[in-house]
């Protein structure tokens, strides 16, 4: 029924503390690269979907200046938000507008500027990632605290260790050090991660992703336009799965995995007609190291409870069974909320085109998976790409 | 190419100052009515799209509690925002997800709670409806001020009068007094409107819509599901047009109409295969009275410059050539930002089913149009329905 939809151009700004640029300027860095990558100009874009959580309340309507500055003043009728999964929601929205036949070419722009001090601060907004009235306001639960619940439950049930959590950080910093667009450009040592200060036990400073500014963009097109633009060997969106979960964490049956990941993954695998073992490279949502370990399991890369073992064995490094976050992940590439999901598509599109350089994952089937979570599994997206 | 999409159920909460209910409770009023109207339960809904501008920063992620409370915890992966056109953006997003074949049944929920005092206030957020950095922050332009630019230009070029502006308010209050869900339940007199205090000349208090709380919901379904649910005589989405415009008002060529309306209308008319003269009942975006007069013209209900004459002749009353805002409009029904566009669909769906009661517009062709603007034409949507 649906029309096929391809990714024909991708762009990614430098992630980090971007005091040098306005929101719209950061977005345009990504847009410009995506347009040049696709070999088209703004006039070919029929729909612009801007993904931004809008953590800076002073710019209450972030899509408007972003579209004006990027040259999409006439075709930017929508902003989407799905907390930290906002970027994936933007891609899904652009995808549907093409698959439905409504437009032929759309751009998904993810952008966030979080490092400026505003009220509430980015950290305070993070606390609202659960349920505001009960869990944040009544109990003062911070965002790290929500994931600490999951980490302690996972350690208790499966014997996952603090060392295994730290190993995720070490891997992701290693790859970020090889990615000039990453927020952090340096490797870290396991012992330093373990000695870093406690944020919310068992999560330490090096278990947490940073607060970053940044943007990413992906241009999507129908099959007809792929031919018209003479795009050779495009990357296709094979399937998108989505889910959401209860606002209140206390309403969930357990704390050792995210049902939003499981549901979104099942939907995406089914739509794409592939299985977990077919995936050759993945971007997963590692806002905290425990999140990456749970994702391994919930996405079916290993059995439930064996995520700690997977990282300990090095299976998620390049050369391992399933390389994960070879761009540095949220943990070390950075996590500008709205940009993250689109940035995953940026990395995977380049991997599928064998443009990964020294971070290139060897591919045979050319199937890649992006996993993007909002809040503590309040939102979940899994997007499967193939060449 | 696209699949046909029907509206099979609609709901609308009471609009007004809703100190009695939380955001999610107001949303559920609309959701419950829509489910009952369609004769289905939550388990049939595959996708929930929540439209909310999120003017209350303390609930930074409004879709999460709204979906939890309404019973859509698993299927609410996305919030959309398009300023005051947010409700239409939600309908468009839900439409595309069905037209693309991704899902068969989706709900668009529009909700806003604006009357609570928060930082920034709703009025301060309104000022950001232009360009924050230049026009709001540098010049202190308020939202009423943006529309006052348009009103003075329209008066100067076409001789539109303050009396004609006030006539729009009189009409919309009349119909609101017949609508139990409207914020204002009383008629007003022309002389009182003209004597009301100046907000930003020529706009007076009675030229401005109020700040309201409220919600609306619309359930959309594919043709297959319409048959499966045995929906008799559904209302079909015949076409949706969208547009956006420059962030900075100063970048626009003139101030006597909104190009976002013209572009969105042309797109919608073309998609639906109808002309302005075919439209028998319309909801237009009357955040200020001048906005309704410009909409008459920009939608093609009269020639450019003759909007003032159209209201003066009473042509937009029931019984006139093109009845407009017979539910009270934003002006008197109220304007809870995210809810407004969905509430337009609520009213028109009921009109097309001849459920308008004493406000029923006599119909022959059964073609209706909703026109929803975000900011000062920063966003524009036109949605055409037919039975």
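Residue numbers (my numbering), protein chains in the order written: chain A, 4 to 390; chain B, 4 to 390.
C-beta atoms are modelled at their ideal positions from N, C-alpha and C, and glycine is treated no differently.
Starting from the C-beta of residue i, find all residues in its chain whose C-beta is less than 8 Å away, skip the five residues before and the five after it, and write them out in chain order.
i, result
"residue 353 of chain A", "13 and 359"
"residue 300 of chain B", "260, 306, 307, 308, 309 and 310"
"residue 56 of chain A", "84, 86, 87, 89, 115, 128, 340 and 341"
May I ask you to list the residues that DSSP assigns as paired with residue i?
i, result
"residue 247 of chain A", "A:382"
"residue 220 of chain B", "B:14 and B:112"
"residue 388 of chain B", "B:240 and B:371"
"residue 34 of chain A", "DSSP lists no partner for residue 34 of chain A."
"residue 62 of chain A", "Residue 62 of chain A pairs with nothing; no bridge assigned."
"residue 233 of chain B", "Its beta-bridge partners do not exist; DSSP assigns none."
"residue 54 of chain A", "A:83 and A:113"
"residue 359 of chain B", "Looking at the DSSP assignment, residue 359 of chain B forms no beta bridge with any residue, so it has no partner."
"residue 377 of chain B", "B:382"
"residue 206 of chain A", "A:203"
"residue 259 of chain B", "Partner(s): none; residue 259 of chain B has no beta bridge."
"residue 9 of chain A", "A:224 and A:239"
"residue 403 of chain B", "Residue 403 of chain B lies beyond the stretch modelled for chain B, which goes from 4 to 390, so this question has no answer here."
Should residue i be flagged as near chain A, meaning a C-beta pair shorter than 8 Å?
i, result
"residue 340 of chain B", "no"
"residue 94 of chain B", "no"
"residue 81 of chain B", "yes"
"residue 251 of chain B", "yes"
"residue 30 of chain B", "no"
"residue 275 of chain B", "no"
"residue 68 of chain B", "yes"
"residue 116 of chain B", "no"
"residue 378 of chain B", "yes"
"residue 102 of chain B", "yes"
"residue 215 of chain B", "no"
"residue 269 of chain B", "no"
"residue 384 of chain B", "yes"
"residue 266 of chain B", "yes"
"residue 153 of chain B", "no"
"residue 272 of chain B", "no"
Is the CB of residue i under 8 Å away from at least one CB in chain B?
i, result
"residue 247 of chain A", "yes"
"residue 259 of chain A", "no"
"residue 207 of chain A", "no"
"residue 78 of chain A", "yes"
"residue 2 of chain A", "Given that chain A is displayed from residue 4 to residue 390, the structure contains no residue 2 of chain A and the question cannot be resolved."
"residue 375 of chain A", "no"
"residue 128 of chain A", "yes"
"residue 313 of chain A", "no"
"residue 168 of chain A", "no"
"residue 5 of chain A", "yes"
"residue 231 of chain A", "no"
"residue 71 of chain A", "yes"
"residue 85 of chain A", "yes"
"residue 307 of chain A", "no"
"residue 299 of chain A", "no"
Spatial neighbours of residue i within its chain, please: CB distance less than 6 Å, with the 5 preceding and 5 following residues excluded, ordered by chain position.
i, result
"residue 175 of chain A", "328, 331, 332, 334 and 335"
"residue 387 of chain A", "241, 242, 271, 275 and 372"
"residue 228 of chain B", "107 and 108"
"residue 5 of chain A", "102"
Residues in the same chain with beta-carbon distance under 7 Å from residue i, minus the five sequence neighbours each way, listed in chain order, please.
i, result
"residue 281 of chain B", "368 and 370"
"residue 47 of chain A", "108"
"residue 249 of chain A", "255"
"residue 95 of chain B", "243, 245 and 384"
"residue 201 of chain B", "207"
At least one CB of chain D closer than 8 Å to the CB of residue i: is that the case?
i, result
"residue 64 of chain B", "You won't find chain D in this structure, because its protein chains are A and B."
(request) Answer yes if the stretch 319-330 of chain B comes into contact with the stretch 196-215 of chain B, meaning at least three C-beta pairs across the two stretches below 8 Å, and no otherwise. (result) no
(request) Would you check if the stretch 7-26 of chain A and the stretch 219-229 of chain A touch, i.e. whether three or more CB-CB distances between them fall below 8 Å? (result) Judged by Cβ distances under 8 Å, the stretch 219-229 of chain A makes contact with the stretch 7-26 of chain A, as three or more pairs qualify.
(message) What ranges does the alpha helix (DSSP H) occupy inside the stretch 139-170 of chain B, keeping only unbroken runs of at least 4 residues that lie completely in it?
(response) Entirely contained in the stretch 139-170 of chain B, the alpha helix (DSSP H) runs reaching 4 residues are, in chain order, 146-161.
(request) For the stretch 74-90 of chain B and the stretch 21-28 of chain B, state whether three or more C-beta atom pairs, one from each stretch, are separated by less than 8 Å. (result) no
(message) Count Cβ pairs between the stretch 67-82 of chain A and the stretch 253-270 of chain A that sit closer than 8 Å; are there 3 or more?
(response) With the cut-off at 8 Å, the stretch 67-82 of chain A and the stretch 253-270 of chain A do not touch.
(message) Measuring CB atoms only, is the stretch 28-43 of chain A touching the stretch 222-233 of chain B, in the sense that at least three cross pairs come out at less than 8 Å?
(response) no
(message) Could you check whether the stretch 303-313 of chain A touches the stretch 48-57 of chain A, counting it as contact only if at least three pairs of C-beta atoms, one from each stretch, sit closer than 8 Å?
(response) no
(request) Kindly provide the ranges of any alpha helix (DSSP H) runs that are 4 or more residues long and lie completely inside the stretch 261-336 of chain A, ordered along the chain. (result) 262-275, 292-301 and 310-315
(request) Write down every uninterrupted run of the alpha helix (DSSP H) in the stretch 64-97 of chain A whose length is 4 residues or greater and which is fully enclosed by it, in chain order. (result) 66-73
(request) Evaluate the contact criterion for the stretch 161-181 of chain B versus the stretch 189-208 of chain B: three or more CB pairs, one atom per stretch, below 8 Å. (result) Touching, yes.
(message) With three or more beta-carbon pairs closer than 8 Å as the criterion, would you say the stretch 30-44 of chain B touches the stretch 66-73 of chain B?
(response) yes
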